[in-house]
Every structure is written in structure tokens, then in C-alpha cells.
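Engineer: This is the structure I want to talk about, given as C-alpha cells.
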Amino acid sequence: MSDEQDMQSEIDKQAPEGAEEGEQALLHLAESFDPGAARRSVLHQYKRGVLLLRAKHATYDKIVVMLEKVGVKTSIFSVSRFCRQHRAEIKKLRVQLESRKPPVEASEPLLRIGDVPASSPGALLAPADRQQPTTRRNKF
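Those letters in the sequence shown? Residues 396 to 535, by the working numbering.
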């Protein structure tokens with residue numbers, strides 16, 4: 396007999412005769428197991444704020460600074476890992492935030508080249524009097 400077969404036979408001999416009972420007991424323990432608050436991230440209780448900041452494009456560094464202002468000591472790595480875990484929620488928040496903003500076209504009229512608001516310093520010059528920047532295409 397080889398060493399592997401000897402080892403396997405030893406394991407089989409040590410297995411309890413009531414293996415089904417042991418398996419049921421283990422399943423019962425596994426179902427009732429709760430890792431508790433110790434396994435949760437420190438950031439878990441600040442989840443809404445962190446995700447909202449990230450949805451507003453705050454950098455991880457800025458989020459860490461803001462958390463430190465409220466007394467939470469954490470690292471950029473922890474914040475980035477937390478945000479990666481909740482990436483889908485951040486995307487949903489961004490969509491909600493962006494849908495609430497009025498479109499840029501509706502809030503401000505766009506100026507065409509040559510149009511100058513009357514309050515600007517260049518308003519006194521006629522559009523033809525101002526020198527436009529040249530590009531390579533203009534030098535044929």
C-alpha cells in the first residue's frame with residue numbers, strides 16, 4: 396500500500412460512526428452563524444453619505460478628509476474598496492442626481508463666435524476688429 400492509501404484509511408477510521416449526525420449539527424451551526432458587527436466595515440454606518448459623495452464625483456482622498464472631520468479614522472484604500480463593493484448603488488445615485496439637474500442648454504444660452512455680452516470688456520470692439528487665433532488650416 397502506498398503512503399496516500401495508508402493516510403486515507405487512517406482518516407476513514409477516525410470518522411465518527413454517526414457522520415450524518417455530525418453533518419446535521421454542522422449545518423445547524425452554519426445556518427445560525429452570524430459574523431456580527433466585528434466583520435462589518437467602519438464605513439457601513441456612514442454608507443449613505445460616502446456613496447452620495449462618490450456619486451457627486453468626490454475623490455477618495457476628499458471622502459477620507461470629510462470622514463475625519465466627523466471623527467472617523469479610515470484610509471483611502473478602505474474607502475476605495477467600500478466604493479467598489481457598492482459601485483452599482485453609486486451609479487444609480489449618479490443617474491438620479493443628473494436627472495434632477497436642468498439641462499445646460501435650457502439654463503444658459505450658448506454664445507456663438509463673435510457674440511460678446513455687453514458687460515464684457517471686449518464688447519466695445521466690433522467682432523471684425525478682434526483678431527481671431529490662427530490655426531494651421533488657415534495658412535494654406
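C-beta atoms are modelled at their ideal positions from N, C-alpha and C, and glycine is treated no differently.
Let's see if you can read the secondary structure: which residues bound the alpha helix (DSSP H) around F472?
Structural biologist: I471 to Q480
Engineer: Return the CA-CA distance between K418 and A425, expressed in angstroms with no decimal places.
Structural biologist: Sequence check: residue 418 is Glu here, not Lys. Taking the straight line from one Cα to the other gives about 10 angstroms.
Engineer: Could you compute how far the alpha carbon of K496 sits from the alpha carbon of A420?
Structural biologist: 56 angstroms
Engineer: Please confirm whether I485 and L446 have their CB atoms less than 8 angstroms apart.
Structural biologist: yes
Engineer: Does the Cβ of L448 have 16 or more other Cβ atoms within 10 Å, making it buried, or fewer, making it exposed?
Structural biologist: Burial call: buried.
Engineer: With a Cβ-Cβ cutoff of 8 angstroms, do L422 and T469 count as a contact?
Structural biologist: no
Engineer: Sort H452, K451, E415 and F477 by Cα distance to Q440 and report the nearest one.
Structural biologist: F477
Engineer: In its own chain, which residues sit with a C-beta less than 8 angstroms from the C-beta of A453, not counting the 5 before and 5 after it?
Structural biologist: M461
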